[in-house]
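If you're matching them up, the sequences are chains A and B in order.
Numbered per the numbering used here, the first sequence spans residues 273 to 430.
Numbered per the numbering used here, the second sequence spans residues 273 to 430.
Ideal Cβ positions, reconstructed from N, Cα and C, are used throughout, including at glycine.
Protein chains: 2
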Amino acid sequence: MTQEIERKYLVNSEQYKSLAHQAVRIVQGYLSSVPERTVRVRIYAEQGFLTIKGKSNESGLSRYEWEKQIPLAEAQALLALCEPGKIDKTRYLVNYQNQLFEVDEFYDENQGLVMAEIELETELQEVVKPDWLGEEVTGDKRYYNSALTQKPFSQWNR
Amino acid sequence: MTQEIERKYLVNSEQYKSLAHQAVRIVQGYLSSVPERTVRVRIYAEQGFLTIKGKSNESGLSRYEWEKQIPLAEAQALLALCEPGKIDKTRYLVNYQNQLFEVDEFYDENQGLVMAEIELETELQEVVKPDWLGEEVTGDKRYYNSALTQKPFSQWNR
Chain A
273 MTQEIERKYL VNSEQYKSLA HQAVRIVQGY LSSVPERTVR VRIYAEQGFL
323 TIKGKSNESG LSRYEWEKQI PLAEAQALLA LCEPGKIDKT RYLVNYQNQL
373 FEVDEFYDEN QGLVMAEIEL ETELQEVVKP DWLGEEVTGD KRYYNSALTQ
423 KPFSQWNR
Chain B
273 MTQEIERKYL VNSEQYKSLA HQAVRIVQGY LSSVPERTVR VRIYAEQGFL
323 TIKGKSNESG LSRYEWEKQI PLAEAQALLA LCEPGKIDKT RYLVNYQNQL
373 FEVDEFYDEN QGLVMAEIEL ETELQEVVKP DWLGEEVTGD KRYYNSALTQ
423 KPFSQWNR
């Protein structure tokens, strides 16, 4: 059980792709998508994970997180139990000024959404922003992956 | 991931207590109490467990079950994230005619409810019933522990 502190941003160009040193396909679903207690089943590059997150604090930056690796076959079986609406995305890892950005390019119902996350040591840590980083959406619950299974990006009024 | 086949009965006397060879205090809560995908956090005699169950099949006897032991401190932290309404009970283990019955005596909001479960090898296996076993309630979703956190026994119209 750890406290996860992170900031989230939209991404406004494809520049990040040529800067990425790794790209991993992720498929995930939710046994619970309630923000107070999300239970996520994830297949990350053929590895299974079960992750439980509590609700975020007032600033929206910080959430409890508990995670365990599980065998791929178990993750596949648990994915089949999940709520309708899976998330399918590619995660690009991009280093910029000694910071690691995880950039998620979404597919299917969330096609068109590209989002960058950076994990911080403290809530006060400054983020040095690369050019391709757009609007900050930290704490905006619509952008939670769990929310995107319920109301995907393609169904938003924009 | 295994298929769990079990029958459930009400218990109509306290006879089981003197026949039990073990009694264990159990406290549990739910991260999801939806019958299609329950996620349970349990502390069983100072050991933590995370258990995920799918929905029961048509006969109500059989459910998918996935379980992992987790450190006690993690179970306690996850219990704090659970939905309101914990289950607190003592589980008595009773052998009868080479069958193992787990008899749960509930406390708090479910005081007065005593329920016996027996796990079976196949759906066709016959149960030899001891005197203290009452009405069968297999498949009756009101008696699911997850349902008892939402609508406890003390609030039933009986």
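**Message:** Which residue marks the beginning of the beta strand (DSSP E) containing B:ASN367, and which one marks its end?
**Reply:** Numbered from 1 along the second sequence, position 95 holds the residue referred to as residue 367 of chain B. From DSSP, the beta strand (DSSP E) with B:ASN367 extends over 359-368.
Strictly below 8 angstroms CB to CB, what residues from chain A border B:TYR447? This structure gives no information on residue 447 of chain B, because the portion of chain B shown stretches from 273 to 430.
Quick one: give me the first and last residue of the beta strand (DSSP E) that A:GLN397 is part of.
As a position in the first sequence, residue 397 of chain A is number 125, starting the count at 1. Here A:GLN397 belongs to no beta strand (DSSP E), and DSSP marks it neither H nor E.
Margin query: Less than 7 angstroms between C-beta atoms, sequence neighbours within five positions excluded: which residues of the same chain meet that for B:TYR302?
Written below: Here residue 302 of chain B corresponds to residue number 30 of the second sequence, with the count starting at 1. Answer for B:TYR302: THR310, VAL311, ARG312, CYS354, GLU355, SER418, THR421, listed in chain order.
task = Work out the CA separation of B:GLU339 and B:TYR415 for me, nearest whole Å.
result = The residue labelled residue 415 of chain B in the question sits at position 143 within the second sequence. The residue labelled residue 339 of chain B in the question sits at position 67 within the second sequence. Taking the straight line from one Cα to the other gives about 21 angstroms.
Could you compute how far the alpha carbon of A:LYS325 sits from the alpha carbon of A:TYR368? Here residue 325 of chain A is taken as the residue at index 53 of the first sequence, counted from 1. Here residue 368 of chain A is taken as the residue at index 96 of the first sequence, counted from 1. Rounded to the nearest angstrom, the gap between the Cα atoms of A:LYS325 and A:TYR368 is 27 angstroms.
Query raised in the report: Within 10 angstroms of its Cβ, does B:ASN382 collect 16 or more other Cβ (buried), or is it exposed?
Result: In the second sequence, residue 382 of chain B corresponds to position 110, counting from 1. Around the beta carbon of B:ASN382, 16 or more other beta carbons sit within 10 angstroms, so the residue counts as buried.
Alpha-carbon spacing of B:GLU278 relative to B:LEU372, whole angstroms: By one-based count along the second sequence, residue 278 of chain B stands at place 6. By one-based count along the second sequence, residue 372 of chain B stands at place 100. Rounded to whole angstroms, B:GLU278 to B:LEU372 spans 11 angstroms at the Cα level.
Could you give the DSSP three-state label for A:GLN371: helix, strand or coil?
Residue 371 of chain A sits at position 99 when you count from the first residue of the first sequence. In the three-state reduction of the DSSP assignment, A:GLN371 falls in the strand class.
Looking only at its chain, what residues have a beta carbon closer than 7 angstroms to the beta carbon of B:GLU395, apart from the 5 residues adjacent to it on each side? Position 123 of the second sequence, counting from 1, holds the residue named residue 395 of chain B. When the five nearest sequence neighbours on each side are left out, the beta carbons in the same chain lying within less than 7 angstroms of the beta carbon of B:GLU395 are those of ILE277, SER331, LEU333, SER334, in order along the chain.
Query raised in the report: Are the C-beta of A:VAL299 and some C-beta of chain B separated by less than 8 angstroms?
Result: For the purposes of this step, residue 299 of chain A is taken as residue 27 along the first sequence, with counting starting at 1. Output row for A:VAL299: interface = no.
Exercise for review: May I ask you to list, following chain order, the residues of the segment 313-325 of chain B that have a beta carbon less than 7 angstroms from some beta carbon of chain A?
Suggested key: Taking 7 angstroms as the Cβ-Cβ cut-off against chain A, the residues of the segment 313-325 of chain B that qualify are ILE324.
In three-state DSSP terms, what is A:HIS312? On the first sequence, position 40 is the one that residue 312 of chain A refers to. For the sequence presented, residue 312 of chain A should be read as Arg rather than His. In the three-state reduction of the DSSP assignment, A:ARG312 falls in the strand class.
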